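**Student:** Sequences listed follow chains R and A, in order.
For the first sequence, my numbering gives the first residue as 12, with consecutive numbering after it.
For the second sequence, my numbering gives the first residue as 1444, with consecutive numbering after it.
I have a structure I would like to understand better, so I am pasting it below and will then ask my questions one at a time.
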Amino acid sequence: MRGETVESSRLAVDGLGGAEGRQTLVPEAGGRASGVAPFTGASSGGNLLEINNLTIDFVSVDGRVRILNGVSLTAKKGEVVGIVGESGSGKTTLGLAILGLLDSPPAHIVSGSIIFEGRDLLKLKPDEMEEIHGTGMNMVFQEPLDSLNPVYTVETQIAEALKVQRKRQDSPVQHEAEGETRNLITDLLRNLCIDKPEEVLERYPHELSGGMRQRVAISISTIEKPRLMISDEPTTGLDAYVQNRILGMFSAQRKIGATLLYITHDLTIASQICDRIYIMYAGRVMEAGETRGVLQESLHPYTSTLVASVPHGFEDAPPLAVQLGEPPDLRNLPSGCKFNPRCAYAKDICKETEPNLEEIFGGRYTACWRVDKEHGKFS
Amino acid sequence: MGNLVEIENLTVAFRSKRREGFFRSGPSLKALDDVSLTIGENETFGLTGETGSGKSTLAKVLVALYKPTSGTVRFLGREINYKNRKDIAFLRQNVGIVFQDPVRSLNPSLTVKEVITEALIASKSIPKRDYDERINFITKLVGVTKDLLPRRPRELSGGQRQRISLARALVVPKKLLVLDEPTSALDVSIQAQVLNTLKKLKSELDMSYLFITHDINVIKYVSHRLGVLFYGRLMEVGDTRAVDTEPKHPYTQSLISHVLTLKKAGLQETVVSEHRPAPSGCRYRIVCPAAFERCAAVPSWVDLGGGHLVSCFLYDHSSGKENRALLPAAATTGGELPAPLRRPS
């Protein structure tokens, strides 16, 4: 049911085409050659996931559009990593690429590697990838109706996830009486803050509210106990209560040491649950680092824009400090820094040359000409 | 400040289609139940609540897309008879609406200029020779550049589409603009731009807003007064600052304490029980931590002063103060009053 379509084998991996690739962002195991590592069972340098210089194009009759450009990212075991960006930033493509769910065509992986537990996912065969799906890593999508099967009840779908999990873990309990599975699922759901799970279990996805549907989808993901859980905007469009409930589910996951990649456009949410965040714009990482630091002392003007965009104060408050401007058009990106048309600090160099993502001080990275690298200050 | 809109005891009921379960209680579902509120001239009234609380139903009643089951709506002092075409035309001439989804609310086959012109043609109040002038005026105001006019909606970004929805709603001057989640589908930096535009527009065009959103941060930032809906019933109304800093209804208190902000560190470790409306009495009493026997009846409005009204038995009619004596000992925990803020754990 989940993750049975594996497209990774059809993705062309072209290790040579990354001329435009930018500096990598690998704090520890730097300079790792892409795609060596046969599976050893051990994770590389403490990183459960390591993405190096990933560049992805979408090719269509209209031409070639670069969706991701030299993205590097790491996630340690037990870490909650946020990927924050607005539409067109490539954050969803990144999530799908990790899972190998990008359709090819149109997707074309130009360069880069995605190393998960020491194995380069881009070089795996479909059946190897399928083994990783579900219990190795899985994804919660923005629209739960797309990920739930409309013709099965919630109970059937959760039971299926449980079955897969047990099979993979070689659990001694493979089967049990029907009532027991049900009790088990009910308990699981209750732990995930769902009131009266009995009522939910008999329903079909379309009979549930949006928030409940999303929580069912998250339950399925968590029951599989993935080593890496990717969630793509799971709370977008839901009200404060439902958001809180869903975030509560994730923070419970966090407590039991799950590694989570949390994709969102909402800084307030990212600030609640992420250890580190990556700010993305136009398929590039603009800033990265420990969450509080990034939000409180932003190095990149785009991050500052995002922070200033969160409404604060009352009716008589001054206008929000944002520049006018539209989201980036990936077909027609400006030269130099891709944020320069919307940037209050844009200088000549910003329009000519694109800055590299560089470490400014301990664990804080940014790609901006404004930051004086030597002194860690704005120039 | 006179009242532009006066809504009294508005009820909108939908007949359910063989729907069992969630609302098993009756054959019809009251999306709005006995709602009364006023919107002043040049005022932004914020309406908030969870999904399904009836926010959008109220918006649609104000542009006569839904008819009230009972209750009255007065606009500029004129009582609207929803069966009378002239009244509906009067309402629509003065009330504009912007919907949440910027994709579905624009006709994909029309250019931006045609979309805006349609509103002018439909109004019949503006002579044809003035069309261009009106379009120029309004597009400049909402921040749509001229080069967008010959384009079609699919070529535009979400923020641009929402600005065009705004232009279409306002190209014929309106007294009230209903904004139903106008920024929920937008990116955060675009939302901020649209909010800035909305505030600027209001001061320049001399009109009122009914701003509907579930995002408390947004509604605080735009509205003068705030109403909180819970399953079709208004729980609390008052000056935004008062409601936000001193929420009185247990529901509002809970709602506001759950708002995520950038400053709050760490996730709140709370378990919120599912919200189910009570079939009778106070709708919130099933989940309310401070509920007691009296809540089986429908609470009437208590005036707390300064236009701050709350519909809750915790407050005393005559003094407007929290009436602790009303609470029976059984409802308290350990001899202490259940602080309305305390959520069930």
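Note that the Cβ used here is the ideal one computed from N, Cα and C, for glycine as well.
All of these numbers come straight from a predicted model, not from anything done at the bench.
Since residue 1485 of chain A is in the alpha helix (DSSP H), which residue starts that stretch and which ends it?
**Tutor:** In the second sequence, counting from the first residue as 1, residue 1485 of chain A sits at position 42. It is not in any alpha helix (DSSP H) - residue 1485 of chain A carries neither H nor E in the DSSP assignment.
**Student:** Out of curiosity, what's the CA-to-CA distance linking residue 1586 of chain A and residue 71 of chain R?
**Tutor:** For the purposes of this step, residue 1586 of chain A is identified with residue 143 of the second sequence, where counting begins at 1. For the purposes of this step, residue 71 of chain R is identified with residue 60 of the first sequence, where counting begins at 1. Roughly 33 Å between the two C-alpha positions.
**Student:** Looking at C-alpha atoms only, which residue of R/212, R/255, R/223, R/312 is the closest neighbour of residue 169 of chain R?
**Tutor:** The residue given as residue 169 of chain R occupies position 158 in the first sequence. Closest option to residue 169 of chain R, Cα to Cα, is R/212.
**Student:** Considering just the uninterrupted stretch of the alpha helix (DSSP H) at residue 209 of chain R, what are its terminal residues?
**Tutor:** On the first sequence, position 198 is the one that residue 209 of chain R refers to. Here the alpha helix (DSSP H) through residue 209 of chain R covers 208 to 212.
**Student:** Between which residues of its own chain and residue 336 of chain R is the CB-CB distance below 8 Å, once the five residues before and five after are set aside?
**Tutor:** Position 325 of the first sequence, counted from the first residue, corresponds to residue 336 of chain R. Around residue 336 of chain R: 352, 353.
**Student:** Closer than 8 Å, CB to CB, is residue 1632 of chain A near chain R or not?
**Tutor:** On the second sequence, residue 1632 of chain A is found 189 positions in, with the first residue counted as 1. Yes, its Cβ sits closer than 8 Å to a Cβ of chain R.
**Student:** Starting from residue 1496 of chain A, follow its DSSP beta bridges and name the residues at the other end.
**Tutor:** Within the second sequence, the letter at position 53 stands for residue 1496 of chain A. In the DSSP output, where bridge partners are listed per residue, residue 1496 of chain A has none listed.
**Student:** Note down the Cα distance separating residue 180 of chain R from residue 166 of chain R, rounded to an integer number of angstroms.
**Tutor:** Numbered from 1 along the first sequence, position 169 holds the residue referred to as residue 180 of chain R. Numbered from 1 along the first sequence, position 155 holds the residue referred to as residue 166 of chain R. Taking the straight line joining both Cα atoms gives about 21 Å.
**Student:** Using 8 Å as the cut-off, can you tell me whether the region 259 to 270 of chain R makes contact with the region 74 to 85 of chain R, which would need three or more C-beta pairs spanning the two stretches below that distance?
**Tutor:** No, the region 259 to 270 of chain R does not touch the region 74 to 85 of chain R.
**Student:** Going along chain A in order, which residues have a C-beta closer than 9 Å to the C-beta of residue 280 of chain R?
**Tutor:** Within the first sequence, the letter at position 269 stands for residue 280 of chain R. Within 9 Å Cβ-Cβ: 1703.
**Student:** Measuring straight from C-alpha to C-alpha, what distance separates residue 1499 of chain A and residue 1529 of chain A?
**Tutor:** As a working note, residue 1499 of chain A is residue 56 in the second sequence. As a working note, residue 1529 of chain A is residue 86 in the second sequence. If you take the alpha carbons of residue 1499 of chain A and residue 1529 of chain A, they lie about 24 Å apart.
**Student:** Compute the distance between the beta-carbons of residue 125 of chain R and residue 78 of chain R, then report whether it is under 8 Å.
**Tutor:** Within the first sequence, the letter at position 114 stands for residue 125 of chain R. Within the first sequence, the letter at position 67 stands for residue 78 of chain R. Against a cut-off of 8 Å, the Cβ pair of residue 78 of chain R and residue 125 of chain R comes out as no contact.
**Student:** On the criterion of 16 or more Cβ atoms from any shown chain inside 10 Å, does residue 1619 of chain A qualify as buried, or is it exposed?
**Tutor:** On the second sequence, residue 1619 of chain A is found 176 positions in, with the first residue counted as 1. Buried, since its Cβ has 16 or more Cβ neighbours within 10 Å.
**Student:** From residue 145 of chain R to residue 153 of chain R, what does the alpha carbon distance come to, in whole angstroms?
**Tutor:** Taking the first sequence and counting its residues from 1, one reaches residue 145 of chain R at position 134. Taking the first sequence and counting its residues from 1, one reaches residue 153 of chain R at position 142. Cα to Cα, the separation comes out at about 17 Å.
**Student:** Would you say residue 1642 of chain A lies against chain R (beta-carbon separation less than 8 Å)?
**Tutor:** Residue mapping note: residue 1642 of chain A aligns to position 199 of the second sequence, counting from 1. Answer yes: the Cβ-Cβ gap between residue 1642 of chain A and chain R drops below 8 Å somewhere.
**Student:** Out of R/133, R/341, R/150, point me to the one whose CA is closest to residue 231 of chain R's CA.
**Tutor:** For this step, residue 231 of chain R is matched to residue 220 along the first sequence. When each option's Cα is compared against that of residue 231 of chain R, the closest is R/150.
**Student:** Would you say residue 326 of chain R reaches chain A, if we count a Cβ-Cβ gap shorter than 8 Å as a contact?
**Tutor:** On the first sequence, position 315 is the one that residue 326 of chain R refers to. So yes, residue 326 of chain R belongs to the interface.
**Student:** By Cβ distance below 6 Å, which residues in the same chain neighbour residue 241 of chain R in space, the five residues on each side in sequence not counted?
**Tutor:** Counting from 1 along the first sequence, the entry for residue 241 of chain R is found at position 230. 106, 150, 272, listed in sequence order.
**Student:** Comparing alpha-carbon positions, which option in A/1584, A/1668, A/1492, A/1595 lies nearest residue 1636 of chain A?
**Tutor:** Here the question's residue 1636 of chain A lines up with position 193 in the second sequence. Cα-wise, what sits closest to residue 1636 of chain A is A/1584.
**Student:** Per DSSP, which one or two residues make a beta bridge with residue 63 of chain R?
**Tutor:** Residue mapping note: residue 63 of chain R aligns to position 52 of the first sequence, counting from 1. Bridge partners of residue 63 of chain R: R/124.
**Student:** How many angstroms separate the CA atom of residue 214 of chain R from the CA atom of residue 357 of chain R?
**Tutor:** In the first sequence, residue 214 of chain R corresponds to position 203, counting from 1. In the first sequence, residue 357 of chain R corresponds to position 346, counting from 1. Looking at the two C-alpha atoms, the distance is approximately 54 Å.
**Student:** Alpha helix (DSSP H) containing residue 1665 of chain A: first to last residue?
**Tutor:** Locating residue 1665 of chain A in the second sequence gives position 222, where the first residue counts as 1. Element bounds for residue 1665 of chain A: 1659 to 1665.
**Student:** So residue 167 of chain R is in the beta strand (DSSP E); what residue range does that whole segment cover?
**Tutor:** Start at 1 with the first residue of the first sequence, and residue 167 of chain R comes out as number 156. Run containing residue 167 of chain R: none in the beta strand (DSSP E); it sits in the alpha helix (DSSP H), 165 to 180.
**Student:** Whole angstroms are fine: how far does the CA of residue 219 of chain R sit from the CA of residue 1582 of chain A?
**Tutor:** To locate residue 1582 of chain A, count along the second sequence from 1; it is residue 139. To locate residue 219 of chain R, count along the first sequence from 1; it is residue 208. Distance between the alpha carbons of residue 1582 of chain A and residue 219 of chain R: 41 Å.
**Student:** Establish whether the CB of residue 1684 of chain A and some CB of chain R are separated by less than 8 Å.
**Tutor:** As a first step, residue 1684 of chain A is located in the second sequence; it is residue number 241 there, counting from the start. Yes, contact with chain R.
**Student:** Counting only Cβ pairs nearer than 8 Å, list the residues of chain R close to residue 1659 of chain A.
**Tutor:** Taking the first residue of the second sequence as position 1, residue 1659 of chain A is located at position 216. Chain R residues near residue 1659 of chain A: 251.
**Student:** Do you know offhand how far residue 1615 of chain A's Cα is from residue 1566 of chain A's?
**Tutor:** On the second sequence, residue 1615 of chain A is found 172 positions in, with the first residue counted as 1. On the second sequence, residue 1566 of chain A is found 123 positions in, with the first residue counted as 1. Cα-Cα distance, rounded: 7 Å.
**Student:** Using a Cβ cut-off of 8 Å (strictly closer), state whether residue 254 of chain R contacts chain A.
**Tutor:** The residue given as residue 254 of chain R occupies position 243 in the first sequence. Residue 254 of chain R counts as touching chain A.
**Student:** Buried or exposed: residue 162 of chain R, going by 16 or more other Cβ atoms within 10 Å of its Cβ?
**Tutor:** Locating residue 162 of chain R in the first sequence gives position 151, where the first residue counts as 1. Burial call: exposed.
**Student:** Establish whether the CB of residue 248 of chain R and some CB of chain A are separated by less than 8 Å.
**Tutor:** As a working note, residue 248 of chain R is residue 237 in the first sequence. Output row for residue 248 of chain R: interface = yes.
**Student:** On the premise that residue 123 of chain R lies in contact with residue 66 of chain R, defined as a C-beta separation below 8 Å, what is that separation, rounded to the nearest angstrom?
**Tutor:** One-based indexing of the first sequence puts residue 66 of chain R at position 55. One-based indexing of the first sequence puts residue 123 of chain R at position 112. Residue 66 of chain R to residue 123 of chain R, Cβ: 6 Å. Contact.
**Student:** Are the C-beta atoms of residue 195 of chain R and some chain A residue less than 8 Å apart?
**Tutor:** For this step, residue 195 of chain R is matched to residue 184 along the first sequence. Cβ-Cβ to chain A under 8 Å: no for residue 195 of chain R.
**Student:** Pull out every residue of the region 256 to 290 of chain R whose Cβ sits closer than 8 Å to any Cβ of chain A, in chain order.
**Tutor:** Residues 256, 258, 259, 262, 276, 277, 278, 279, 280, 282, 283, 284.
**Student:** Which residues does DSSP list as the beta-bridge partners of residue 150 of chain R?
**Tutor:** As a first step, residue 150 of chain R must be located in the first sequence, where it is residue number 139. R/241.
**Student:** Apart from the five residues just before and just after residue 102 of chain R, which ones in its own chain have a Cβ nearer than 7 Å to its Cβ?
**Tutor:** Locating residue 102 of chain R in the first sequence gives position 91, where the first residue counts as 1. Hits under 7 Å: 94, 96, 274, 291.
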